[in-house]
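Comments concern the structure below.
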Amino acid sequence: MYRGYLIDKGLIGTDSHLKAGCPSCHRGDDRAATREEAHKGMVKRPSDNIATCAACHKQISANYAKSLHYTTIGQRNGVIKRMSAEEVKQFDAKVFEQSCRSCHASCGGCHVKAPPVAGIGIGLIKGHKFVKRDEGKTCAFCHGGRVYTEYTGEYGGRADVHYQKGKMCVDCHSKEEMHGDGNLYLSKNDVKTRPACRNCHKLGKETKLTARLSHRNHQGKVSCYGCHSAGEYRNCSDCHVETHSHAKPGFSLGLSPREKKTLTTLRLIPTIRDTFKSAGIKMERYDALPNYWDTPAHNIRKRTARTRSCDVCHVEGKDFLTKEKLIKNGSKANEKLIVKPKPLNR
């Protein structure tokens, strides 16, 4: 048997979660004489039913039931604006509930056993010990395709400066953000307490005059990522196509589709026109949303090519999204993100 699925016997009788016995969460019959009888009615992932954890962790579970990690409602609301009212009904019934919702994170998925991703699992995090936090095995397993690998430098080759200084996920993303605060949010962008660079890096507190002036001149015009993203990050192509998917490194600067006026890093996350074809959904309002979205790239550096020279943006126009760079047959809304950098007054 794969060791990742073996329980550490030393935990039995010492871990408060295990003292009540396996059936307290997994059901089954611990008095049965045979393996088959003992496992009859067993629940493999008991925390998929949030009421299991609520028996002891009532308030945390109540908050978590409304959290974005649990509802995954952000995925739904991120795409339904492309659909007609009738198509939204089809999407909810045929796609969201049957597919997207399967990705929701249960309590056990973070604290006991990471869920399988694309059919691959790591088993128990630590011999069925209820782990408080282990970003490398919990956050990384679900967010490792993009965020975590960029943060550690495994994708793109340059680790985030915060990672190099020993910072991990929960140093910025609070417990309340993970578990929810009792409010039902429709998108992560609605969470007012989500991490922000300025929480730690206050404007006007810079040690160098050049940095202070640069931040003041770009305030409200360019996001922190626009200048401080270290380089290329993962961009997806052909996602959710039945035949294949593809990802490659890239870097794009353009207007934020949410704020309309801020220059920022954009990530290609293409819901293509045929994405939900098999479910009978044509996405009648496909062009209402772009294929490029503002992204908090997790590869921040204090010094980048753009912080060292104004010419990189204002003369060379390097990495700026242009009409020629747009994906073929993409949304018409993509063109609204294109911006030409202003020339320098010298």
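In the working numbering, the protein residues as written are 160 to 505. Think of the CB as a built atom: it goes at the ideal place given N, C-alpha and C, for glycine as much as any other residue.
Contact check, residue i vs residue j, beta carbons under 7 Å
{"i": "Arg241", "j": "Leu448", "result": "yes"}
{"i": "Lys225", "j": "Leu343", "result": "yes"}
{"i": "Leu362", "j": "Gly385", "result": "no"}
{"i": "Ile281", "j": "Val290", "result": "no"}
{"i": "Gly200", "j": "Arg186", "result": "yes"}
{"i": "Phe410", "j": "Asp478", "result": "yes"}
{"i": "Asn222", "j": "His338", "result": "yes"}
{"i": "Met327", "j": "Glu365", "result": "no"}
{"i": "Thr463", "j": "Ala389", "result": "yes"}
{"i": "Asp167", "j": "Gly267", "result": "no"}
{"i": "Ser243", "j": "Glu443", "result": "yes"}
{"i": "Lys248", "j": "Ala438", "result": "no"}
{"i": "Phe250", "j": "Ile440", "result": "yes"}
{"i": "Ser258", "j": "Asp207", "result": "no"}
Outcome for residue i when other beta-carbon atoms lying within 10 angstroms are tallied against a minimum of 16
{"i": "Leu165", "result": "exposed"}
{"i": "Leu503", "result": "exposed"}
{"i": "Pro205", "result": "buried"}
{"i": "Pro274", "result": "buried"}
{"i": "His270", "result": "buried"}
{"i": "Glu245", "result": "exposed"}
{"i": "Thr297", "result": "buried"}
{"i": "Arg305", "result": "buried"}
Three-state secondary structure assigned by DSSP to residue i
{"i": "Thr311", "result": "helix"}
{"i": "Ala492", "result": "helix"}
{"i": "Ile209", "result": "coil"}
{"i": "Ala318", "result": "coil"}
{"i": "Ala197", "result": "helix"}
{"i": "Asn513", "result": "Any property of residue 513 remains undetermined from this structure, which presents the chain solely from 160 to 505."}
{"i": "Ser114", "result": "Residue 114 is absent from the structure shown; the chain starts at 160 and stops at 505."}
{"i": "Tyr451", "result": "strand"}
{"i": "Val276", "result": "strand"}
{"i": "Arg393", "result": "strand"}
{"i": "Leu485", "result": "coil"}
{"i": "Leu422", "result": "strand"}
{"i": "Phe289", "result": "coil"}
{"i": "Ile219", "result": "helix"}
{"i": "His360", "result": "coil"}
Supposed close pair residue i, residue j - CB separation, criterion 8 Å
{"i": "Cys395", "j": "Pro429", "result": "7 Å"}
{"i": "Arg417", "j": "Asn348", "result": "7 Å"}
{"i": "His387", "j": "Thr466", "result": "7 Å"}
{"i": "Leu412", "j": "Ile486", "result": "Leu412 to Ile486, Cβ: 16 Å. No contact."}
{"i": "Tyr229", "j": "His263", "result": "5 Å"}
{"i": "Asp453", "j": "Leu425", "result": "6 Å"}
{"i": "Arg393", "j": "Tyr314", "result": "6 Å"}
Handout entry: contact_flag[the segment 237-251, the segment 189-199] where n(CB pairs < 8 Å) is 3 or more
Key = no
Problem - Three or more C-beta pairs below 8 Å linking the segment 457-466 and the segment 319-336 - result: yes
Exercise for the section: For the segment 467-476 and the segment 490-503, state whether three or more C-beta atom pairs, one from each stretch, are separated by less than 8 Å. Expected result: yes
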